[in-house]
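When we follow the working numbering, the leftmost residue of the sequence shown carries the number 1, and every step to the right adds one.
Ideal Cβ positions, reconstructed from N, Cα and C, are used throughout, including at glycine.
The structure appears below as structure tokens.
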Amino acid sequence: MAAPAPTGPDPELLTVDQLAARTGTTVRTIRYYAGRGLLPPPQLRGRTGLYGPDHVARLLLVAELSDLGFTLTAIERHLERLPQSAGPEELALQLALLTPWAPEQLDEVDHAGLEARAGRRLDEGAVDKLVAYGAVEPVDGDRYRVQGPIALGAGLDALDFGLPADFWRRSREVIDRHTSALADDLMTLFQEEVLQPYRDAGRPAAQRSRLAAALSRLKPVTVQGVVTAFGRAVNRTIRERAEHPPARRSTQTGATSGG
1 MAAPAPTGPD PELLTVDQLA ARTGTTVRTI RYYAGRGLLP PPQLRGRTGL
51 YGPDHVARLL LVAELSDLGF TLTAIERHLE RLPQSAGPEE LALQLALLTP
101 WAPEQLDEVD HAGLEARAGR RLDEGAVDKL VAYGAVEPVD GDRYRVQGPI
151 ALGAGLDALD FGLPADFWRR SREVIDRHTS ALADDLMTLF QEEVLQPYRD
201 AGRPAAQRSR LAAALSRLKP VTVQGVVTAF GRAVNRTIRE RAEHPPARRS
251 TQTGATSGG
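In structure tokens, the structure reads:
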């Protein structure tokens with residue numbers, strides 16, 4: 001049921017055509033989103049539905065989350081937890097919370113497209129190694145998901161290094177395991193120390209813009225902090241192993257030696 005129209009003119013109210021033009025979408029998409037409950041009903045002025053800043057913000061949030069790779073079902077579930085009256089600042093905060101911490105550029109290509117990206121011929125063995133390196137991911141049949149130009153470039157360099165593919169695969173598994181645990185711990189800390197106090201305080205409007213800005217700054221600082229801390233940890237491990245070499249395991253007897 002549409003909301004009643006406010007008394008007096010409101011220059012911020014838009015028709016569905018104006019809303020489509022403002023947000024770079026189509027009238028058909030707006031009506032589809034509204035039918036799925038992603039947008040609150042418009043205000044009625046006579047027989048004309050009018051949309052305000054909250055509709056603009058919510059529609060932009062849906063579009064940006066879709067561009068970031070969220071499925072429509074995931075977007076619906078997230079928006080269900082937000083009140084229909086959530087304003088632009090609250091929706092901007094939600095977008096800041098859901099925006100990826102590191103840019104992802106995933107492109108799906110066939111074998112010929114993969115070779116075009118690589119700038120070289122790739123036989124089956126080379127592709128298998130790129131998969132082991134984590135540079136590409138097989139999708140279906142002859143199609144692959146490229147994990148971005150940086151990952152692909154690193155994978156191609158690894159091909160030239162000649163190190164065993166199993167070494168790179170196991171290295172990636174170690175990195176994934178530990179970074180997943182780190183991400184989970186950091187997210188738990190952020191929820192407990194930042195988000196929960198904001199929610200407990202009743203989601204005060206005065207904190208929304210500040211929290212969104214702080215979060216946007218926190219992301220690159222945290223990522224850079226992880227990279228720096230990892231580099232220092234590797235340096236420390238190298239020094240410790242140089243001073244106290246680890247025991248070496250015999251491949252024949254399973255015995256260890258300190259040589």
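Would you list the one or two residues that DSSP bridges to P138?
Y144
By the 10 Å Cβ neighbour count, where 16 or more other Cβ atoms means buried, how is A23 classified, buried or exposed?
It should be noted that the sequence gives Thr, not Ala, for residue 23. The residue is buried, with at least 16 neighbouring Cβ atoms inside 10 Å.
Determine the DSSP secondary structure at G153, reduced to helix, strand or coil.
helix
Backbone CA spacing between A3 and S209 [nearest angstrom]
Confidence is the limiting factor: at A3 the pLDDT is only 47, short of 50, which leaves the residue's position unreliable, though a coordinate-based value still follows. Approximately 28 Å, taken between the alpha carbons.
Would you list, in sequence order, the uninterrupted alpha helix (DSSP H) runs of no fewer than 4 residues that lie entirely inside the segment 47-119?
53-67, 72-80, 88-98 and 111-118
Please confirm whether T25 and L59 have their CB atoms less than 9 Å apart.
yes
Could you pull the DSSP bridge partners for R31 from this structure?
DSSP, once it has assigned bridges, lists no residue as partnering R31.
Do you know offhand how far T188's Cα is from L218's?
15 Å
Beta-carbon proximity list for F230, same chain, < 6 Å, skipping 5 on both sides:
none
Given a threshold of 16 other Cβ atoms within 10 Å of its Cβ, counted over all protein chains shown, does V194 qualify as buried or as exposed?
Flag for V194 reads exposed.
Grouping DSSP H, G and I as helix and E and B as strand, with all else coil, what is L38?
coil
Closest Cα partner of A63 within the set I30, A86, V139 and D142
If we check each option's Cα against that of A63, I30 comes out closest.
Indicate whether L91 and A118 have their beta-carbon atoms separated by less than 9 Å.
Not a contact, by the Cβ cut-off of 9 Å.
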